[in-house]
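Chemist:
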Amino acid sequence: MVVAVPARATAPAGMPPRTGAWVVVPTYNERATLPALVARLLNALPAAPAADLRILVVDDNSPDGTGALADELAAADERLAVLHRTAKTGLGDAYAAGFAVALDAGARRIIQMDADGSHDPAAIPALLAALDAGADLAVGSRYVAGGATPDWPLRRRILSRGGCAYARLVLGLEIRDLTGGFKAWRPDTLEAALAEPLTVQGYGFQIELTERAVRGGARVTEVPIAFRDRTQGESKMGAAIVREAIVRVPQLRLAARTAGTRTADGGRGTNAPALSPSPVNRSAGAR
Ligand SMILES: Nc1nc2c(ncn2[C@@H]2O[C@H](COP(=O)(O)OP(=O)(O)OP(=O)(O)O)[C@@H](O)[C@H]2O)c(=O)[nH]1
Ligand SMILES: [Mg+2]
1448 MVVAVPARAT APAGMPPRTG AWVVVPTYNE RATLPALVAR LLNALPAAPA
1498 ADLRILVVDD NSPDGTGALA DELAAADERL AVLHRTAKTG LGDAYAAGFA
1548 VALDAGARRI IQMDADGSHD PAAIPALLAA LDAGADLAVG SRYVAGGATP
1598 DWPLRRRILS RGGCAYARLV LGLEIRDLTG GFKAWRPDTL EAALAEPLTV
1648 QGYGFQIELT ERAVRGGARV TEVPIAFRDR TQGESKMGAA IVREAIVRVP
1698 QLRLAARTAG TRTADGGRGT NAPALSPSPV NRSAGAR
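Using our numbering, read the sequence shown as starting at 1448 and increasing by one per residue.
#1: Can you tell me which of the three DSSP states Q1653 falls into?
#2: Note down the Cα distance separating E1643 from E1477, rounded to an integer number of angstroms.
#3: Taking the C-alpha atoms as reference points, what is the distance between G1467 and R1556?
#4: Which full runs of the beta strand (DSSP E) of 3+ residues lie inside the region 1620–1651, going along the chain?
#5: Can you have a look at G1514 and say buried or exposed, based on whether 16 or more other CB atoms are within 10 angstroms of its CB?
#6: Quick check on DSSP: helix, strand or coil for E1669?
#7: For the region 1624–1644 against the region 1580–1589, do three or more pairs of beta-carbon atoms, one drawn from each stretch, fall closer than 8 Å, so that the two count as touching?
#8: Using DSSP with H/G/I as helix, E/B as strand and the rest coil, what is L1500?
#9: Do D1563 and ligand 2 come close, with the Cβ less than 7 Å from some heavy atom?
#10: Could you compute how far the alpha carbon of Y1590 sits from the alpha carbon of A1483?
#11: How long is the line joining the alpha carbons of A1554 and W1469, rounded to whole angstroms?
#12: Buried or exposed, going by whether 16 or more other CB atoms sit within 10 Å of the CB of M1560?
#13: Any idea what DSSP makes of A1454, helix, strand or coil?
#14: Suppose only complete runs of 4+ residues qualify. What are the alpha helix (DSSP H) ranges in the region 1500–1549, listed by chain order?
Structure (structure tokens):
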């Protein structure tokens, strides 16, 4: 398996092989938000036995003690595990480390999501249902019918919408939400996207991974989600992260052109129907 694994990453002990769905959750100073997220995750996937669900918290030695808190939570539920990294080297790095652990363990589905309450675990069955329906990558999308950002002020909406439109245009993709971080992957698709080290370290790595998947021929489905603003803790998004994405997106396009492997449909995503409880719950076993 060729996966970019930062040298500091070590797999948590005691993880059983061939586990069904892994939810990878990066944390940095999320003491205030993590317990509720874990409770909501377990609540959203109640039928999942331990062998079928792993929640992997990837903590970058948070100064607020999130890592130790995650260890306490993990001691109380075998479905939860913690990957401790020694330093904060970027969200892309943290995700690459968590993904590598999940892939090495033989995960059959990998879900990625924020810890701050913005991503609702209740949407996970819909993401998994999209994989069941044939997608290689299901993208939780704020910008398809049924998706929303109800709490955001106008300034934030413009930034996010503008960022997505910019990335779409420059990369020539038709996926509407390229910057979101709530996704479900087939392992082979994720593994292929990670075959080379990420070149974007901040949140722009979300764009890079999705663009690599599309370039590799993945079928991408956008599943509508409502993205809630965090109510506790602090955002880590800053001007440097935005700047990095703005600069790196055209470089991604150039790299794709050079590789000459862009798919014929230009990354046309399919839009899944709005969330509905019944088909969604059929996949709630988190397989
Ligand atoms: N391990 C790790 N996690 C990170 C890092 N940066 C951000 N995170 C986590 O990634 C998730 C998203 O970060 P946020 O700060 O909420 O950023 P955001 O959701 O893009 O922005 P807001 O909408 O302002 O909250 C959260 O769970 C963070 O704790 C990092 O460098 N390392
Ligand atoms: Mg957030």
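Ideal Cβ placement from N, Cα and C applies to all residues, glycine included.
Modeler: To lay it out plainly:
#1: When secondary structure is reduced to three states using DSSP, Q1653 falls in the helix class.
#2: 29 Å
#3: 6 Å
#4: 1630–1632
#5: buried
#6: strand
#7: yes
#8: Note: L1500 maps to strand in three-state DSSP.
#9: yes
#10: Rounded to whole angstroms, Y1590 to A1483 spans 26 Å at the Cα level.
#11: 6 Å
#12: So M1560 ends up on the buried side.
#13: Low confidence applies here, because A1454 scores a pLDDT of 34, under 50, leaving its location unreliable; read the following figure in that light. A1454 falls in the coil class under three-state DSSP.
#14: 1513–1523
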